[in-house]
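With positions in the sequence shown counted from 1, the corresponding number in my numbering is that position plus 575. We put the beta carbon where it would ideally sit given N, CA and C, even for glycine. These notes concern the structure reproduced below.
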Amino acid sequence: MEGSTSDSSTERAKIVFPGQCPDCGSDVAREEGEAVIRCIGGMACGAQLKAVIRHFASRKAMDIEGLGDKLIDQLVDDGLIGSVADIFRLSQPQLATLERMGEKSSDNLLASIEQSRSTTLPKFIYALGIREVGEATARALANHFLELDALLAASTDVLEGVDDVGPIVAHHIRGFASDERNQRVISDLLALGVNWPTVTVASGEGPLAGTTWVVTGKLESMSRGTQSSDCVRWALRPRAASLRRPVRFWLGRERVVNEKSGRARHIDCG
576 MEGSTSDSST ERAKIVFPGQ CPDCGSDVAR EEGEAVIRCI GGMACGAQLK AVIRHFASRK
636 AMDIEGLGDK LIDQLVDDGL IGSVADIFRL SQPQLATLER MGEKSSDNLL ASIEQSRSTT
696 LPKFIYALGI REVGEATARA LANHFLELDA LLAASTDVLE GVDDVGPIVA HHIRGFASDE
756 RNQRVISDLL ALGVNWPTVT VASGEGPLAG TTWVVTGKLE SMSRGTQSSD CVRWALRPRA
816 ASLRRPVRFW LGRERVVNEK SGRARHIDCG
């Protein structure tokens, strides 16, 4: 028995890539050295815009509670949001036009949006959604440059001098920073009140160098797990995750700190 060697059995189907994005119709392109093709429509592409907003509002980014996937879809599809900056322009009358959005839900969302205006530089950098810039890289960038303007103005050579940043990541950061659309969005966000504290990194010889901090309880002006931890980690390092090693400083509301520090003394932790 002999196998067939006809042309029909040996021909392989060719994969034909689309020339336009199926969502917005923009052209697609493939960067040198990459296998994937990408839509070049940016935020003009509804699918990309929704993904950008989901990342921006996520817990590890701007942490906007109540801004879930279905609501983001509605806001983009109804034309109420055209960039992440438009999140901070939302109003009660606008939200009232959406399905299944009652007054209480609207109030809670707007309150969460208002609270998210106060963030940290590492979280803001991460929220921007720069390709291949994760949480650790965002912290490294914030720790190195200290100011957003310095980061955005940095050359690729300077960027490559930052821990956790190689040539590819530096290229992505430089490309993001030089895009006029991104520049406008960042300007809008700052004009709409998004802010973060100016933190000075403690020197290795200062009185707090090498100290360990515990962040506990609910804080008045920032979240315990992200914003406060970022401030302490960024400025002082390290931070204790639990009471299993010596603790010198506590950050929290007085009642909670008293309760926890009592426990800490009991196990000889401070």
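With a threshold of 16 other CB atoms inside 10 Å of the CB of residue i, please say whether the residue is buried or exposed.
i: alanine 713; result: buried
i: asparagine 683; result: exposed
i: proline 697; result: buried
i: isoleucine 662; result: buried
i: phenylalanine 720; result: buried
i: isoleucine 705; result: buried
i: leucine 716; result: buried
i: alanine 636; result: buried
i: threonine 773; result: exposed
i: serine 681; result: buried
Which one or two residues does DSSP pair with residue i in a beta bridge?
i: glutamine 595; result: Asp602
i: arginine 613; result: Ala604
i: cysteine 680; result: In the sequence as presented, cysteine is not what sits at residue 680; that position holds serine. According to DSSP, serine 680 bridges with nothing at all.
i: serine 753; result: Answer is none; serine 753 lacks a bridge partner.
I'd like to know whether the C-beta of residue i is nearer than 9 Å to at least one C-beta of chain C.
i: aspartate 732; result: No chain C is present in this structure, which holds just one protein chain.
Could you name the residues of the same chain whose beta carbon sits closer than 6 Å to that of residue i, not counting the 5 residues immediately before and after it, in chain order?
i: methionine 867; result: The shown model of the chain, from 576 to 845, leaves out residue 867, and the question about it has no answer.
i: asparagine 757; result: Phe751
i: glutamine 649; result: Leu673
i: valine 651; result: Gly621, Leu624, Lys625
i: aspartate 763; result: Ala660
i: isoleucine 590; result: none
i: glycine 768; result: Arg692
i: leucine 665; result: none
i: glutamine 667; result: Ser681
What residues in its chain sit with their C-beta under 8 Å from that of residue i, if we drop five residues either side in the sequence?
i: glutamate 707; result: Ile743, Val744, His747
i: leucine 642; result: Ile628, Ala632, Ile662, Leu684, Ser687, Ile688
i: glycine 594; result: Asp602, Val603
i: alanine 588; result: none
Can you list, in chain order, the residues of its chain whose CB lies under 7 Å from that of residue i, leaving out five sequence neighbours each side?
i: isoleucine 612; result: Phe592, Val603, Ala604, Arg605
i: aspartate 739; result: Ala711, Thr712, Ala715
Self-check item: Inter-stretch contact (C-beta, 8 Å, three-pair minimum) for the segment 650-666 and the segment 623-638
Solution: yes
Self-check item: Segments of 4+ residues assigned as alpha helix (DSSP H) that fall wholly inside the segment 625-665
Solution: 644-652
Exercise. Run through the segment 669-732 for me and flag every whole alpha helix (DSSP H) of 4 or more residues, listed as ranges in chain order.
Key: 678-691, 696-702, 710-720, 723-728
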